[in-house]
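So the structure is just underneath, and the comments pick up after that.
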Amino acid sequence: MGEASGQDSQADEAAAQEAERDAVLVERLREGDTKALDQLFRRHRNAAYGIAFRLVGSRDDALDVVQESFIHVMRGIQAFRGQSSFRTWLYRIVTHAALDYRRWRSHRQAESLDALGALEPAAAGPSQQTPEEEAAERDLRKAIDEALANISEKNRAALVLYALEGMSYKDVADVLDISIGTVMSRIFNARQRLRELLASEIG
Amino acid sequence: MKAMDCDEAKLMLAGYADGELATLENEGVAAHLEQCGRCRQIVHDQQRIRHVLDSYEVPPVADSDWSSIGKALKAELEGKGEPIQTKTRPRIEGLEPTPEVLPPIVPEEPPPPAPPAREAPAPRPAGAAVAARTPAVTLLKVRPRKASQPFRWVAHVAGAAAASLVMALGLAALWTQAAPPLAPNTLARQGDVAIMELETNYSVILCTGDTDDVVALWVEPDESKG
């Protein structure tokens, strides 16, 4: 117990230091420092992409969302008052931008007859798997993509944010501006729905 | 401590599965699980789905892609070239002139009845209040249309009608809420008002809106006009 709380306090301290570094970079970005922008982008781009990809289901669309999110950051940085950490603010922007993007894309695809569920398969990287294992993983990934597309926006956003490394219910609650109890309820409902949708894939 | 029943425990099963509960709550759920196989199965399912999602890795991004985005952002910050038009407009602290509170992704409650049409326009409220006052219309889409020469006059008439319609909608929306105009090439959100000049080679499509009661408008410039 004592060990766990010691680890928690170390994690809190590390998070506070990261937030402090972000705050310094934010101040420099306000003054138009392009190096500060570059550092903020490098520090947070992978997490932003992780959120965006799980919400829009396509690599190219996720990169679009990341770019747009950082443009929103640049345009809003003067008015950002630091009531939350930069990370929380950015994740909030990415989450909402990704959900916006899905709506925009679904309107576009309604015209082109491209189905929303036709999510791009993951890019194949170097792998030690057999072709059969790769095929099984690809099928499962596709099933997860389709299942995620079939749960509500609110529940999906909570689930996706919690899936990010280092995010707690409290962090998700801050990003979505909801209570921890609501986070717990949304994650519960999202998983229960995924369990139904993936019943044939995961048994 | 009073033993939990399934309804009480169910509220905390995800938190239990994720180790996010406070000590007292955790002990209460654990005691319930000793007696309840159904809730134990739910916890197992929650952990199973979590494991499946944890193993789901996003596809990697090439350094060249990150580099392209980094350069575009730098150019934007330095004011080089045309400002990048965004498809998204998240309403978040710092991104909008007035709202300070992030409104829900979908309004939690149905909008109240619209105010009388002849009332003087009130100042634009912040947050969800804007959504509540938004007229429940629709998607309005304006896109380029390729008119052949013999039918060009039809395009002129349609363009004029479309311009009138959009202006009327925009003015009507302005009458009920003092929202700022929406720039072209942006996706409108609740409370936005769009006013624009239409050229003749545009057509207007009106569609039914979704459950958000969003006035949404998408504009695509006619690139053939240069």
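Read top to bottom, the protein sequences are chains A and B.
Position one of the first sequence corresponds to residue 7 (my numbering), numbered consecutively onward.
Position one of the second sequence corresponds to residue 487 (my numbering), numbered consecutively onward.
Just so you know, even glycine gets a beta-carbon here, dropped at the ideal spot from N, CA and C.
Remember, predicted model here, so these are calculated numbers, not experimental data.
Using a Cβ-Cβ distance cut-off of 8 Å, the region 95–106 of chain A and the region 67–87 of chain A are in contact, since at least three pairs of beta carbons, one from each stretch, lie closer than that value. Counting of Cβ neighbours within 10 angstroms places Leu-61 of chain A among the buried residues, the total reaching 16 or more. Taken through DSSP and simplified to helix, strand or coil, Glu-171 of chain A comes out as coil. Counting C-beta atoms within 10 angstroms of its own C-beta, His-518 of chain B has 16 or more neighbours from the protein chains shown and is therefore classed as buried. Judged by pairs of C-beta atoms under 8 Å, the region 181–196 of chain A touches the region 151–162 of chain A, as three or more such pairs exist. Shown here for Gly-56 of chain A: same chain residues with a beta carbon closer than 7 Å to its own, the five before and five after excluded, namely Leu-170 in chain order. Among the residues of chain A, none has a CB under 8 Å from the CB of Gln-527 of chain B; the nearest is roughly 10 Å distant. By the Cβ neighbour-count rule, Cys-525 of chain B is buried, with 16 or more other Cβ atoms within 10 Å of its own.
Under the Cβ criterion of 8 Å, Glu-140 of chain A is not counted among the residues facing chain B. With respect to chain A, the C-beta atom of Arg-534 of chain B has a partner C-beta closer than 8 Å. Setting aside the 5 residues that flank it on each side, Arg-98 of chain A is surrounded in the same chain by Val-181, each with a C-beta closer than 6 Å to its C-beta; the list follows chain order.
When the Cα atoms are used, Ile-555 of chain B and Glu-143 of chain A turn out to be separated by approximately 30 Å. Remark: C-beta atoms of Glu-562 of chain B and Ser-174 of chain A do not approach each other more closely than 8 Å. By the criterion of a C-beta distance shorter than 7 Å, Ala-489 of chain B is surrounded in its chain by Ala-517 and His-518, once the five residues flanking it on both sides are discounted. Here Ile-184 of chain A carries a coil assignment [DSSP, helix/strand/coil]. For Thr-136 of chain A, no alpha helix (DSSP H) run applies, since DSSP gives it neither H nor E. Here the region 199–207 of chain A does not lie against the region 495–515 of chain B, with fewer than 3 beta-carbon pairs under 8 Å apart. Nearest CB-CB separation between Phe-76 of chain A and chain B: below the 8 Å threshold. Between the region 524–543 of chain B and the region 33–46 of chain A, the count of Cβ pairs shorter than 8 Å is below three; the stretches do not touch.
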